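Worksheet: the structure to be examined is printed underneath.
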Amino acid sequence: FPLLVDSLVVILFVGLVAGAWVRGSITLPSTYILLALGTAAYGYGLSTIAYSEEKIHFIEYGYLAYLVFRAVHVDACLPVAYSCAFVLVALFGWIDEGIQFLLPNRYYQVDDVILNAVSGLLGLFIVFVVNRERGIRGPG
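Counted from 1, the sequence shown has number 158 at position 126 by the numbering used here; the numbering is strictly sequential.
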């Protein structure tokens, strides 16, 4: 199962970049390089995680960062939106671990809080790369 999760993530990222290339959405060569770096970072992160559930969690927090960024960016400039999204995702990860502390068969682990925050940061990096490509600057 862990190999399946890794394979699906790689296929997803390669498919997204290939789809953008075919549509002509990506015009800057540096965008391909930055997306490759982001994908490699996600790949490395996934390779260091032992359990499939945590791998999926790693992807989820990256996507959560994207959703939180979109919500905050409606009313805030980019630096504020990125900062708030990161802080909120890290806070959500910490709250998630806090809930696990209260459950009888679960454990609170600081490593998971850090992993959630790193995943959110990687998600925001990919959002930054795409926004840079699209020329998005202000609220909206």
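All C-beta atoms in this analysis are idealised placements derived from N, C-alpha and C, irrespective of residue type, glycine included. None of the values given here were measured: they were computed from a predicted structure.
In three-state DSSP terms, what is Y114? In the sequence shown, the residue the question calls residue 114 occupies position 82. Three-state result, Y114: helix.
So is F133 buried or exposed if we call it buried at 16+ other beta carbons inside 10 Å? Numbered from 1 along the sequence shown, position 101 holds the residue referred to as residue 133. Exposed, by the Cβ-count rule.
Report back the beta-carbon spacing between F90 and L78 to the nearest angstrom; my notes put them in contact at under 8 Å. As a working mapping, residue 90 is identified with position 58 in the sequence shown. As a working mapping, residue 78 is identified with position 46 in the sequence shown. Confirmed, Cβ separation roughly 6 Å.
C-beta contact flag for F124 and Y93 at 9 Å: As a first step, residue 124 must be located in the sequence shown, where it is residue number 92. As a first step, residue 93 must be located in the sequence shown, where it is residue number 61. A contact, by the Cβ cut-off of 9 Å.
Roughly how many angstroms lie between the CA atoms of G155 and P136, to the nearest whole one? Against the sequence shown, residue 155 aligns to sequence position 123. Against the sequence shown, residue 136 aligns to sequence position 104. If you take the alpha carbons of G155 and P136, they lie about 31 Å apart.
Quick check: the Cα distance between I146 and L153, rounded to an integer number of angstroms? For this step, residue 146 is matched to residue 114 along the sequence shown. For this step, residue 153 is matched to residue 121 along the sequence shown. Computed Cα separation, rounded: 10 Å.
Can you give me the C-alpha to C-alpha distance between I88 and I81, rounded to a whole angstrom? Within the sequence shown, the letter at position 56 stands for residue 88. Within the sequence shown, the letter at position 49 stands for residue 81. About 10 Å.
Looking only at C-alpha atoms, which of A149, A68, D128 sits nearest to Y140? The residue you call residue 140 lines up with position 108 of the sequence shown. The shortest Cα separation from Y140 among A149, A68, D128 belongs to D128.
Would you mind stating whether V150 and G70 have Cβ atoms separated by less than 9 Å? Reading the sequence shown from its first residue, position 118 is the one you call residue 150. Reading the sequence shown from its first residue, position 38 is the one you call residue 70. No, they are not a contact pair.
Is it true that the CB of N148 sits closer than 9 Å to the CB of A122? The residue given as residue 122 occupies position 90 in the sequence shown. The residue given as residue 148 occupies position 116 in the sequence shown. Contact: yes.
Look at the alpha carbon of A108 and the alpha carbon of P61, and state the distance between them as a whole number of angstroms. In the sequence shown, the residue the question calls residue 108 occupies position 76. In the sequence shown, the residue the question calls residue 61 occupies position 29. Spanning the two alpha carbons is a distance of roughly 29 Å.
Assumed close pair A113, V104 - CB separation to whole angstroms, cut-off 8 Å: Taking the first residue of the sequence shown as 1, we reach residue 113 at position 81. Taking the first residue of the sequence shown as 1, we reach residue 104 at position 72. Sure, about 5 Å apart at Cβ, within 8 Å.
Nearest candidate by alpha-carbon position, reference V42, set Y76, I65, W53: Taking the sequence shown and counting its residues from 1, the one referred to as residue 42 is at position 10. Checking every option, the nearest Cα to that of V42 belongs to Y76.
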